[in-house]
Amino acid sequence: MTTSEAGSALHYPLPAPAALEPPVEWAELRQRCPVAKVRLPSGDQASLVTRYDDVKQVLSDPRFTRTGEGSARIAANESGGVFNSEMAHVLPQSGEGHQRWRRSIAKWFTAKRMAALRPGIEAMAERLIDDMINHGAPADLKAHLGFPLPVWVICDLLGVPESDRDRFARWSDALLNLTRYDQAEVDDAQAQFTEYMAAHVAARRKSPADDLLSALAGGMSDPELIATGQGLLVAGHETTANMIGKMVGMLLADRTRWERLLAGPSLVRTAVEEALRFDANAGFGMVRYITEDIDIAGAAVPGGTTVVCSMAAANRDENAFQDAAVMDLARTPNPHLAFGAGAHSCLGQALARTELQTVLEVLLRRLPTLELAAPAAELRRVEGLAVGGLRELPVQW
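Position 292, counted from 1, in the sequence shown is what numbering that gives the first Met the number 0 calls 291; the numbers after and before it change by one each time, with no gaps.
Below, the structure written as C-alpha cells:
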C-alpha cells in the first residue's frame, strides 16, 4: 500500500493532485496505516496520525507539548523552523504557565469583543473590494482582500502600523517556510522581527494605548510581550489570509455552492465552518512531542516520538462525518478540528470566524456574479509553507 507500511517513511507534507484536493494517501492511511512513519523536510522522522479520533486524542492530551528535548526538527534549516523558534522557547508551552498565558490573551477574543470588531472589519472589507473593483477584472482576490484584511485587523489589535504589513509578511514567510530559507536568513528575519517588536513594546510601556500589548504589559516581561506580539502577528494574519482565498476558491470551484449562498445567505455561518472542515490544503498540521508511551489506534507509540496531527485529514474521516468527501454548506453539527483541540486549540478562532463570515457576507452582497478567472484545477498551492494556501486566486465578475 504505502511506503510507510513497507517499512520506509513517506515524505511529508504529502503531495496533492491539485490545490483544492486532498492527497490520495489520506484515505488509505486512515483505513490501513493510521500511525504512519514520515520523513519531515528537516530529514528527521515522525509519526503521522490521520484519523479523527486519534488526532483529537493526541491534541487533547495535556501531557504532550509542541516540542521537547530530542523532538524532531520540522524545517530544513538548522533550527527546525517556527515550531522550534525563539517564540516557542520564551512562552510556556504546557502546564499551568501555558494556561495562565492563554487566559490573559483569551480576554481579548470573547464573543462580545468580536461583535464590537465586526463593523470595522465589514467597513475595511468594503473598502478593499472597492479597490479591487476599481482595479478591474481579472483580479487576484488574495492580494486585494485575503491578505490585507487580516493584517489590518491584527495590526489594529496589537497597535502596530498597518503600513508595515510588507515587513510582517516577509518575516512571517521566513519563520513559517519549511524549505525556502537557510539558517542565516531565518536568523536575520527573527532578529529584525524581535528588534521591531521590542521597540513597539517599549513604546507601549511608555505610552499605553487601547490595544492588547498595552493591556498585557502589567503582567508580562518584555521577552514574553515580544514573543506574544510576534506569535499573534504571524498566526493572526497568515492563517486567515490564506483561508479567505481557499474558502472563496472552494465556493467558486463548484459555482452551485456560491449560488446556494446567494439564494440563502443565512447559510454563511455553517458554510464558513464547512470550508474550514473541507480545506484539503491546511498546511503542516500540529506537532506533539510524546513524553511517555501511548497507545494510538492500537499501536504502541513510545515516549520520545514526535507525532504530526493532520487535522485536515481527520476532517475528511468518514467515521466522524457523514459524506465527508462532500462539501455540505448546511452541515450541522460540524465538530471539525481545523482549530485543533484541547489545551492548545487556536486562541484566535473567534476572530478568524468573525473575519471569514464578514468577508463572505460582503462578497456575496457586493459581487454576486463573482467567479474564478482560471480553472480550479490550475490554481497553485503555496509551496513549503507550514500554513497551507493558494499563491493567488484569480477572479472576475
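Every residue gets a Cβ at the ideal spot worked out from N, C-alpha and C, and that includes glycine.
Which two residues bound the contiguous beta strand (DSSP E) that contains residue i?
{"i": "VAL361", "result": "Here VAL361 belongs to no beta strand (DSSP E); instead the alpha helix (DSSP H) covers 348 to 365."}
{"i": "ALA299", "result": "298 to 300"}
{"i": "PRO393", "result": "393 to 395"}
Does the beta-carbon of residue i have 16 or more other beta-carbons within 10 angstroms, so that it is buried, or is it exposed?
{"i": "SER70", "result": "buried"}
{"i": "PRO147", "result": "buried"}
{"i": "ALA75", "result": "buried"}
{"i": "LEU261", "result": "exposed"}
{"i": "GLN321", "result": "exposed"}
{"i": "GLU95", "result": "exposed"}
{"i": "LYS141", "result": "buried"}
{"i": "PHE331", "result": "Correcting the residue identity first, residue 331 is Thr in this sequence and not Phe. Classification of THR331: exposed, given that the 10 Å Cβ count is below 16."}
{"i": "ASN236", "result": "Correcting the residue type first, residue 236 is His in the shown sequence and not Asn. Buried, by the Cβ-count rule."}
{"i": "PRO12", "result": "buried"}
{"i": "GLU194", "result": "exposed"}
Is residue i near residue j, with beta carbons less than 8 Å apart?
{"i": "PHE108", "j": "GLY347", "result": "yes"}
{"i": "TYR288", "j": "THR49", "result": "no"}
{"i": "SER59", "j": "ALA340", "result": "yes"}
{"i": "ASP43", "j": "PRO393", "result": "no"}
{"i": "LEU177", "j": "ALA385", "result": "yes"}
{"i": "ALA124", "j": "VAL381", "result": "no"}
Roughly how many angstroms lie between the CA atoms of residue i and residue j, to the nearest whole one?
{"i": "MET0", "j": "ALA234", "result": "Summary for MET0: the model assigns pLDDT 39, below 50, so the residue's position carries little reliability, and this model does not support an answer."}
{"i": "VAL307", "j": "ALA342", "result": "17 Å"}
{"i": "LEU174", "j": "VAL152", "result": "21 Å"}
{"i": "ARG203", "j": "LYS36", "result": "47 Å"}
{"i": "LEU19", "j": "LEU369", "result": "18 Å"}
{"i": "GLU121", "j": "GLY297", "result": "48 Å"}
{"i": "GLY119", "j": "LYS55", "result": "35 Å"}
{"i": "GLY80", "j": "ARG101", "result": "Summary for GLY80: the model assigns pLDDT 47, below 50, so the residue's position carries little reliability, and this model does not support an answer."}
{"i": "ASP155", "j": "CYS345", "result": "19 Å"}
{"i": "TRP25", "j": "HIS10", "result": "13 Å"}
{"i": "LEU215", "j": "VAL159", "result": "15 Å"}
{"i": "ARG126", "j": "ARG364", "result": "14 Å"}
{"i": "ALA168", "j": "GLY284", "result": "21 Å"}
{"i": "ASP278", "j": "LEU328", "result": "13 Å"}
{"i": "TRP396", "j": "LEU366", "result": "7 Å"}
Where do the ends of the alpha helix (DSSP H) carrying residue i lie?
{"i": "SER171", "result": "164 to 175"}
{"i": "PHE277", "result": "267 to 277"}
{"i": "TRP25", "result": "24 to 31"}
{"i": "THR238", "result": "221 to 252"}
{"i": "GLU377", "result": "Unbroken run through GLU377: none, as it is neither H nor E."}
Can you name the residues that DSSP bridges to residue i?
{"i": "SER288", "result": "Correcting the residue identity first, residue 288 is Tyr in this sequence and not Ser. In DSSP, TYR288 forms a bridge with THR64 and THR305."}
{"i": "SER46", "result": "LYS36 and VAL306"}
{"i": "ARG294", "result": "Arg is not the amino acid found at residue 294; the sequence shown has Asp there. Answer by DSSP bridge pairing, in chain order: ALA299."}
{"i": "HIS397", "result": "Outside the shown range of the chain, which is 0 to 396, sits residue 397, and nothing can be said about it."}
{"i": "ALA138", "result": "VAL394"}
{"i": "GLY282", "result": "VAL386"}
{"i": "LEU371", "result": "VAL394"}
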